[in-house]
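This note's numbering applies: residue 3 is where the sequence shown begins, and numbers increase by one. Yeah, the Cβ is synthetic: ideal placement off N, Cα and C, and Gly gets one too.
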Amino acid sequence: MAQCPMCGKPVDEAAVRAATSQTAFGAREVDPAAGTRQFHDGQWYYFDRLECRTKFMAQFGTGRKP
Ligand SMILES: [Zn+2]
């Protein structure tokens, strides 16, 4: 079980993967209600909700140069 790096809540990786299986590298999620993830600095980070990912991205960026 992954942990949200922003608030520390547990994140169901399988559910997040299922919801984001059609996307990669931060593309739009099909259903972010179950949680979401972001590829950053060589690894996937899992978030319990979109708000936490937004905070994370604001703090650390996308890891990709524009
Ligand atoms: Zn969180």
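Check: Which term fits G37, buried or exposed, when burial requires 16 or more other beta carbons within 10 angstroms of its beta carbon?
Finding: buried
Check: R55 and W46: beta carbons closer than 7 Å?
Finding: no
Note to self: Using only the alpha-carbon positions, how far apart do C9 and K57 sit?
What the structure shows: 10 Å
Check: In terms of residue numbering, what span does the alpha helix (DSSP H) encompassing R55 cover?
Finding: Here the alpha helix (DSSP H) through R55 covers L52 to F62.
Notebook entry, point to check: Got a sec? Which residues, its chain only, sit under 6 Å from M3 by beta carbon, not counting five neighbours each side?
Noted result: Around M3, the same chain offers P12 as residues with beta carbons nearer than 6 Å, after the five sequence neighbours per side are excluded.
Next item on the list: Say yes only if the C-beta of K11 is nearer than 6 Å to one or more non-hydrogen atoms of ligand 1, and no if none qualify.
Entry: The nearest non-hydrogen atom of ligand 1 is less than 6 Å from the C-beta of K11.
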